[in-house]
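Numbering (the numbering used here), first residue to last: 20 to 278. Quick reminder that beta carbons are idealized off the backbone N, C-alpha and C, glycines included.
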């Protein structure tokens, strides 16, 4: 009964979020426990093209760091993905999956000149940027519980911290994710955040039939869903918090450096 309850809870997680977090666990835990050498999961263009080791494209997005840092990484991945899938993409998981595939392809393309072998940080920045862009104007977030600022600035704060802790190369990789996130928002949502569910996706951004059959949808769109990073529109903040700042407390100890 306990096992059934556990899997029932897992199945409640939206499919794309479940796939992303499951992929992260499948790739990162064997590497952390030294059951699998990271060499076999990093992105190497020559091995992908000449040896047809195509799994490296997928695994390079999910190889995380070690120790407690990984906990913060997967929590951020879960919150970002879940916020999108239960918010702007509610009932349209297949479209999210397809657009995420396109975004990952763009991330790889932008990272080829940088010779990046791991792409989980650009993926995190991409999802963070998109979620921040779709949040109501004036939404606040908290970094480490110390500094409160508009959620729209969060991607830039993360890039800045990557530069401080990982140097120019780490920041450059994060910038590629932010660029793809901006293009995603601009091309799909055409700059509108007033009612993101009402913006029709271009034909090329809609999931093909085979992917829609594989992923399915979560049911009818649920407008105004709050999930993931907790955000409160400015017009509601005073009534709900009596003037206190709101937003997600990002905690402490999160690795923001290079991979």
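Rounded C-beta distance between residue i and residue j? I'm assuming under 8 Å.
{"i": "residue 171", "j": "residue 181", "result": "The pair is not a contact, with the Cβ atoms about 18 Å apart (cut-off 8 Å)."}
{"i": "residue 102", "j": "residue 41", "result": "Their Cβ separation, rounded to whole angstroms, is 18 Å, which puts residue 102 and residue 41 out of contact at 8 Å."}
{"i": "residue 179", "j": "residue 139", "result": "Actually they do not touch by this definition, with Cβ atoms about 19 Å apart."}
{"i": "residue 117", "j": "residue 226", "result": "4 Å"}
{"i": "residue 205", "j": "residue 122", "result": "No, residue 205 and residue 122 are not in contact; Cβ-Cβ is about 12 Å, not under 8 Å."}
{"i": "residue 81", "j": "residue 43", "result": "4 Å"}
{"i": "residue 45", "j": "residue 126", "result": "Actually they are not in contact, since the Cβ atoms of residue 45 and residue 126 sit about 20 Å apart, beyond 8 Å."}
{"i": "residue 207", "j": "residue 220", "result": "6 Å"}
{"i": "residue 113", "j": "residue 39", "result": "Not quite, the Cβ-Cβ distance comes to about 15 Å (not below 8 Å), so this is no contact."}
With DSSP as the reference, label residue i as helix, strand or coil.
{"i": "residue 192", "result": "helix"}
{"i": "residue 129", "result": "helix"}
{"i": "residue 32", "result": "coil"}
{"i": "residue 187", "result": "helix"}
{"i": "residue 279", "result": "What is shown of the chain runs 20 to 278, which leaves residue 279 out entirely."}
{"i": "residue 63", "result": "coil"}
{"i": "residue 50", "result": "helix"}
{"i": "residue 147", "result": "helix"}
{"i": "residue 98", "result": "helix"}
{"i": "residue 250", "result": "Confidence is the limiting factor: at residue 250 the pLDDT is only 42, short of 50, which leaves the residue's position unreliable and the question unanswerable from this model."}
{"i": "residue 235", "result": "coil"}
{"i": "residue 107", "result": "coil"}
{"i": "residue 73", "result": "coil"}
{"i": "residue 214", "result": "Note on residue 214: pLDDT 49, under 50, position unreliable in the model; no value is reported."}
{"i": "residue 122", "result": "helix"}
{"i": "residue 154", "result": "coil"}
{"i": "residue 113", "result": "helix"}
{"i": "residue 82", "result": "coil"}
{"i": "residue 226", "result": "coil"}
{"i": "residue 55", "result": "coil"}
{"i": "residue 220", "result": "coil"}
{"i": "residue 242", "result": "Residue confidence for residue 242 is low, a pLDDT of 37 falling below 50, so the modelled location carries little weight; the figure read from the coordinates is stated next. Coil at residue 242, not helix or strand."}
{"i": "residue 256", "result": "In this predicted model, residue 256 has a pLDDT of only 39, less than 50, meaning its place in the structure is not dependable; the value taken from the coordinates is given anyway. In the structure shown, residue 256 sits in a helix (DSSP, three-state: H, G or I)."}
Per DSSP, what are the beta-bridge partners of residue i in this structure?
{"i": "residue 168", "result": "160"}
When the distance is taken between beta carbons, is residue j closer than 8 Å to residue i?
{"i": "residue 61", "j": "residue 67", "result": "no"}
{"i": "residue 147", "j": "residue 88", "result": "no"}
{"i": "residue 193", "j": "residue 144", "result": "yes"}
{"i": "residue 34", "j": "residue 235", "result": "yes"}
{"i": "residue 196", "j": "residue 132", "result": "no"}
{"i": "residue 167", "j": "residue 97", "result": "no"}
{"i": "residue 104", "j": "residue 115", "result": "yes"}
{"i": "residue 162", "j": "residue 176", "result": "yes"}
{"i": "residue 47", "j": "residue 137", "result": "no"}
{"i": "residue 169", "j": "residue 157", "result": "yes"}
{"i": "residue 63", "j": "residue 85", "result": "no"}
{"i": "residue 153", "j": "residue 224", "result": "no"}
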